[in-house]
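Numbering (this note's numbering), first residue to last: 2 to 129. C-beta: ideal position from N, C-alpha, C; glycine also.
See the structure below:
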């Protein structure tokens, strides 16, 4: 039976792997396991051991605590008003972020201004 914490850790693992542009195979090779194990970790079917979590954190260049961020009530309060975690794990979002940061500073600012100008009025009023 899948535990909520195992699911959370798996989602954070998937998000970071995708953000870095790694495949499950590449990540698995970096820690010396098969990609199927990464699949099981990411969907919460298998629990990640402490030693494996440490290896994954090193391979993904994050502190071990990264995988637990957002679990405590304190984190929920601190993150109020931010984007839902699920939106950050979508491939489209990651692709957009990568493309955005490949642009120079001036085009990035112009693109951001354009995106803000396209917001529905209700969303713009809520943000103000």
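If contacts are defined as beta-carbon pairs under 8 Å, then residue i and residue j qualify, I think. What distance do you get, rounded to the angstrom?
i, j, result
"residue 32", "residue 50", "In fact, because the Cβ distance is near 11 Å, the residues do not count as touching under 8 Å."
"residue 14", "residue 42", "6 Å"
Measuring only the C-alpha atoms, how far is residue i from residue j?
i, j, result
"residue 12", "residue 111", "32 Å"
"residue 7", "residue 37", "16 Å"
"residue 67", "residue 45", "16 Å"
"residue 78", "residue 23", "Below a pLDDT of 50, predicted positions are generally treated as unreliable, and residue 78, at 46, falls in that range; the measurement from the model is reported next regardless. If I take the Cα positions, the gap works out to 31 Å."
Buried or exposed for residue i, please, with buried defined as at least 16 other CB atoms from any protein chain shown within 10 angstroms of its CB.
i, result
"residue 107", "exposed"
"residue 97", "exposed"
"residue 109", "exposed"
"residue 131", "For residue 131 there is no data in the structure shown, the boundaries of the chain being 2 and 129."
"residue 113", "exposed"
Among the options, which has the Cα closest to the Cα of residue i?
i, options, result
"residue 10", "28, 58, 23", "58"
"residue 53", "70, 28, 73, 71", "28"
"residue 4", "17, 48, 25", "48"
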